[in-house]
Amino acid sequence: MKYLFLNVTAGGSTGRIAAAACRRLQTAGHECVLAYGRGDARSCPDVDTWRIGTAAEAWLHAAATRLDDAHGFAGRGATRRFLDKVRRYDPDIIWMHNLHGYYINVEMLFSYLKTCRKRIFWTLHDCWAFTGHCAHFLPANCNRWRTGCGECPLRRSYPASLVADRSRRNFARKRAAFCGVENMTLLFPCRWLERQAAAGFLAEYPRRVVPNQVDKRIFRPTAGDFRRRYGLEDKKLALAAAGSWGPDKGLADVYRLAGLLGSEWAVAAVGLSPAQQKQAPAGVLALGPVEDPRELAALYTAADVFVNPTRADTFPTVNLEAAACGTPVVTYDTGGARETLDENGRAVACGDLEDMCRQVWAAWERGRSDARHTGS
């Protein structure tokens, strides 16, 4: 069968999930294409990919978002060309992931989906599909999406609008676009997100909880020279990582945690922008993005504990990746983060850094006899 996957990126957490699904299906003899909107496909050279639109078109979509809160409703030219290509490819199954991210016009896309007579899956990774603006409503403890949005308290959060508040209009347009698609099943990585979607206008669709999987051929205990390279052989190491450190990912809490842990610990943060790297305090090893998943696996393995102080997340892939590499995870208990944990992981109340510090120490105590880091 022919599969078409659709996601904002071919890399990053959701891109890696989509690419891993392509690989599994290709191994089973199916034909797959991963269409993506931004960045590049260097992290998945073994997967056929299409780029949707150009960098200039993504910039214009971002401008429409900033000025008119029109996220998901710009990008008509890029979407038209993409849909022409889809019709020529003629997939049997269309499998969508993140549709936000400045790359596609969702009204045009769903107009096609309502007439194409294809089997359709849509994996939701956050709440954007059923709100009038935000991807995560937890930072504002907002429930306006249950009744139609308006006067959005998160207007300046991703996807930020600096001028207009069109959240009520966007809610109505999304409801009109996203409802009424035949043969579409919604997939969710966690029970928490499924429950939220069931309370909104997407409740009409069949829903299944399918926890995200990471490629355990890549994310497994992996030897490396990270500790030696940075002179950390005699330190306990706490690692934090994100695809991008937005305001809700908890970078400031990583910095505060470093102070609480004290001099016996080194704290490394991966995925920082150049500006964030310059602003990082002296006690934190501030590293940029790591595109090679095998290099990322070696970093996870080198750490004694992986920490994730995210304040707004659904089912953090980084938690799954770290655990697959044998590293215990300590995370804030937000969204479905608790559902990512194995028997070695712990969840603490959002914002409780003292408890996070205690749990980091406890995780190290539990694993100090583990020879996992030999040579790393």
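Each residue of the sequence shown is one higher than the last, beginning at 1412 in this note's numbering. The beta carbon of each residue, even a glycine, is placed where N, CA and C say it ideally should be.
- Only exposed fits serine 1655, as fewer than 16 other CB atoms lie within 10 angstroms of its CB.
- Lysine 1413 is bridged by DSSP to Glu1442.
- Around the beta carbon of asparagine 1581, 16 or more other beta carbons lie within 10 angstroms, which makes this residue buried.
- DSSP places asparagine 1719 inside the beta strand (DSSP E), whose first and last residues are 1716-1719.
- Ranked by Cα distance from threonine 1476, the first of Val1419, Leu1494 and Ser1578 is Ser1578.
- Using a 10 angstroms sphere on the CB of arginine 1427, the tally of other CB atoms reaches 16 or more, which defines it as buried.
- Contact between the segment 1472-1489 and the segment 1714-1725 is absent: fewer than three C-beta pairs spanning the two stretches fall below 8 Å.
- Counting the other CB atoms within 10 Å of its CB gives tryptophan 1470 a total below 16, which places it among the exposed residues.
- According to the DSSP assignment, threonine 1460 belongs to the beta strand (DSSP E) that extends over 1460-1462.
- Contact between the segment 1502-1512 and the segment 1605-1612 is not established, with fewer than three Cβ pairs separated by less than 8 Å.
- Membership of threonine 1742 in the beta strand (DSSP E) is indicated by the continuous run 1740-1743.
- For threonine 1596, the CB contacts under 8 Å within the same chain, skipping 5 residues up- and downstream, are Ile1531, Phe1532, Trp1533, Tyr1616, Pro1617, Arg1618 and Arg1619 in chain order.
- Given a length threshold of 3 residues, each whole run of the beta strand (DSSP E) inside the segment 1589-1665 is given here in chain order: 1595-1599, 1618-1620 and 1647-1652.
- In the structure shown, arginine 1530 adopts extended strand secondary structure according to DSSP, grouped into three states.
- Beta-bridge pairing by DSSP links asparagine 1418 to Tyr1447.
- With 16 or more neighbouring CB atoms inside 10 Å of its own CB, leucine 1535 falls in the buried class.
- Counting along the chain, tryptophan 1772 sits inside no beta strand (DSSP E); it lies in the alpha helix (DSSP H) bounded by residues 1764-1778.
- The straight-line gap separating the alpha-carbon atoms of proline 1502 and cysteine 1433 is approximately 14 Å.
- Counted as a single uninterrupted DSSP element, the beta strand (DSSP E) harbouring leucine 1698 occupies residues 1695-1698.
- Residue environment analysis places valine 1625 among the buried positions, since at least 16 neighbouring C-beta atoms fall within 10 angstroms of its C-beta.
- Relative to the Cα of phenylalanine 1612, the nearest Cα in the group Thr1558, Thr1728, Asn1516 and Pro1622 belongs to Thr1558.
- Within 10 angstroms of the beta-carbon of threonine 1438 lie fewer than 16 other beta-carbons, which makes it exposed.
- Asparagine 1552 sits exposed, since fewer than 16 C-beta atoms from the chains shown fall within 10 Å of its C-beta.
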